[in-house]
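**Student:** Read in order, the letters of the first sequence are residues 21 to 279 in our numbering.
C-beta: ideal position from N, C-alpha, C; glycine also.
Have a look at this one.
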Amino acid sequence: MTAYICMPELPEVETIVRELAPRLRGRHIVSVEVLQPRITRHSKTDITTVLPGRRIEEVRRHGKFIIVDLDQGCLTIHLGMTGQLLFDTAPGPYTRVIFVLDDAVLLYDDTRMFGAIEFGAARVERLGPDALTQLAPDKLKRKAPVKAVLLNQAVFSGIGNIYADEALFRAGIKPTARNISRPRAEKLLAAVDDVLREAIEHRGSSVSDYVDTEGRRGSFQQQHRVYAREKLPCVVCGTPIRKIVVGGRGTHYCPKCQR
DNA sequence: ATCTATTCCTGGCTGC
DNA sequence: TGCAGCCAGGAATAGA
Numbered sequence: 021m022t023a024y025i026c027m028p029e030l031p032e033v034e035t036i037v038r039e040l041a042p043r044l045r046g047r048h049i050v051s052v053e054v055l056q057p058r059i060t061r062h063s064k065t066d067i068t069t070v071l072p073g074r075r076i077e078e079v080r081r082h083g084k085f086i087i088v089d090l091d092q093g094c095l096t097i098h099l100g101m102t103g104q105l106l107f108d109t110a111p112g113p114y115t116r117v118i119f120v121l122d123d124a125v126l127l128y129d130d131t132r133m134f135g136a137i138e139f140g141a142a143r144v145e146r147l148g149p150d151a152l153t154q155l156a157p158d159k160l161k162r163k164a165p166v167k168a169v170l171l172n173q174a175v176f177s178g179i180g181n182i183y184a185d186e187a188l189f190r191a192g193i194k195p196t197a198r199n200i201s202r203p204r205a206e207k208l209l210a211a212v213d214d215v216l217r218e219a220i221e222h223r224g225s226s227v228s229d230y231v232d233t234e235g236r237r238g239s240f241q242q243q244h245r246v247y248a249r250e251k252l253p254c255v256v257c258g259t260p261i262r263k264i265v266v267g268g269r270g271t272h273y274c275p276k277c278q279r
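Written out as structure tokens, the structure is:
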């Protein structure tokens, strides 16, 4: 099977949570096997001893974090770059954690191991408000480049590299702009909300030609206007899209439409 | 307090 | 053709 890369940002995690919640709600965890200890590096509690016997009450999301509420405590999952949750699949070379449930086996696969699984919500508590809630424009007024502010999960949580670039394009704001005005901040937050909701409708963005067994995965990559479009013509004005580095991340923008 | 650079990790791509 | 070297990026960390 060809692996697909979904670059899990808020819309991708939301899509996964919507699939996961009805399948996990009410189930019990039978046993847990950690094949790669690095994945549980942030956990203060050994998940292999604390999880067996727990009942799953709910699955929800904050930013890019998946939160599995249990009858006692919760489990927090971050997919990093390449994390995947797979039901009833044979373990492969990148299977890092195996959850045996009362009616299924759930695998956590992750090639690059940037993802993390921990007992408790310590890291979630350090996050800013979820990017799909009502956001305060004044929080964007900082000295750092506005794109770096968008990526700062302590300011707003859930926006990653793809949707930061896409929202800045839609708002007509250059990624390197600093101390942006109130009207521009409001415009940018409206663009963030638009792009995230549209992406959720498309089940997120998938990078590569992979189609799963149901024939559906994210398709929002077809709507990308700047991300991964370096040197291609701007969809609005035809100017070649430029790629620079902002906040240590590859950043795509239209030099004419974004000021 | 805020900002910036570096680190982790590996598949896939580039170029010699 | 083969392989070294670089690139991608979310979040933690160290340093400014």
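Could you tell me the boundaries of the alpha helix (DSSP H) in which D185 lies?
**Tutor:** N181 to A191
**Student:** Using only the alpha-carbon positions, how far apart do I200 and L160 sit?
**Tutor:** 7 Å
**Student:** Can you give me the C-alpha to C-alpha distance between G270 and G180, rounded to a whole angstrom?
**Tutor:** So the two alpha carbons sit approximately 11 Å from each other.
**Student:** Compute the Euclidean distance between the alpha carbons of A23 and L99, then round it to the nearest angstrom.
**Tutor:** In this prediction, A23 has a pLDDT of 40, which is less than 50 and means its spatial position is unreliable; nothing more can be read from the coordinates.
**Student:** Taking G238 as the reference, give the member of P253, E221 and R245 with the closest Cα.
**Tutor:** E221
**Student:** Counting C-beta neighbours from all protein chains within 10 Å, is the total for A168 16 or more, i.e. buried, or is it exposed?
**Tutor:** When all chains shown are included, A168 counts as buried.
**Student:** Give the DSSP-derived three-state secondary structure of R132 in the structure shown.
**Tutor:** coil
**Student:** Determine, using beta carbons only, whether V70 and V79 come nearer to each other than 9 Å.
**Tutor:** no
**Student:** State the Cα-Cα distance for the pair E250 and D91, rounded to the nearest angstrom.
**Tutor:** 48 Å
**Student:** Can the beta-carbon of G140 be found closer than 9 Å to that of G178?
**Tutor:** no
**Student:** Would you give the residue range spanned by the alpha helix (DSSP H) that K84 belongs to?
**Tutor:** Element bounds for K84: n/a, residue is neither H nor E.
**Student:** Does DSSP classify D108 as helix, strand or coil?
**Tutor:** D108 falls in the coil class under three-state DSSP.
**Student:** Could you tell me the distance, in whole angstroms, from the CA atom of R132 to the CA atom of T102?
**Tutor:** Between R132 and T102, the C-alpha separation is close to 6 Å.
**Student:** Run through DSSP, which three-state label would K263 get?
**Tutor:** strand
**Student:** Specify whether the stretch 210 to 217 and the stretch 255 to 270 touch according to this definition: at least 3 beta carbon pairs, one from each stretch, less than 8 Å apart.
**Tutor:** no
**Student:** Under the DSSP definition of a beta bridge, which residues are partnered with V54?
**Tutor:** DSSP, once it has assigned bridges, lists V117 as partnering V54.
**Student:** Which whole-angstrom value is the C-beta distance of F176 and P149, which I expect to be below 8 Å?
**Tutor:** 6 Å
**Student:** How long is the line joining the alpha carbons of D122 and G46, rounded to whole angstroms?
**Tutor:** 10 Å
**Student:** Measure from the alpha carbon of R190 to the alpha carbon of each residue in T65, Q243 and I97, then state which is nearest.
**Tutor:** Q243
**Student:** Please report how far the alpha carbon of D185 lies from the alpha carbon of Y247, in whole angstroms.
**Tutor:** 6 Å
**Student:** For S225, which option in D214, Q241 and L216 has the closest C-alpha, if you only look at C-alpha atoms?
**Tutor:** Q241
**Student:** Would you mind giving the Cβ-Cβ distance between I97 and I49, rounded to the nearest angstrom? I have them listed as a contact below 8 Å.
**Tutor:** That belief does not hold up - the Cβ atoms of I97 and I49 are roughly 13 Å apart, past 8 Å.
**Student:** List in chain order: all unbroken alpha helix (DSSP H) runs of 4+ residues lying wholly within the stretch 131 to 177.
**Tutor:** Runs of the alpha helix (DSSP H) inside the stretch 131 to 177: 166 to 171.
**Student:** So, using beta-carbon positions, are L30 and L216 closer together than 9 Å?
**Tutor:** Closer than 9 Å, so yes.
**Student:** Look up I200 in the DSSP assignment and say whether it is helix, strand or coil.
**Tutor:** In this structure, I200 counts as coil in the three-state DSSP scheme.
**Student:** Closest to R81 by C-alpha separation, out of R75, H272, R61 and L152, would be which residue?
**Tutor:** L152
**Student:** Return the CA-CA distance between R245 and T196, expressed in angstroms with no decimal places.
**Tutor:** 18 Å
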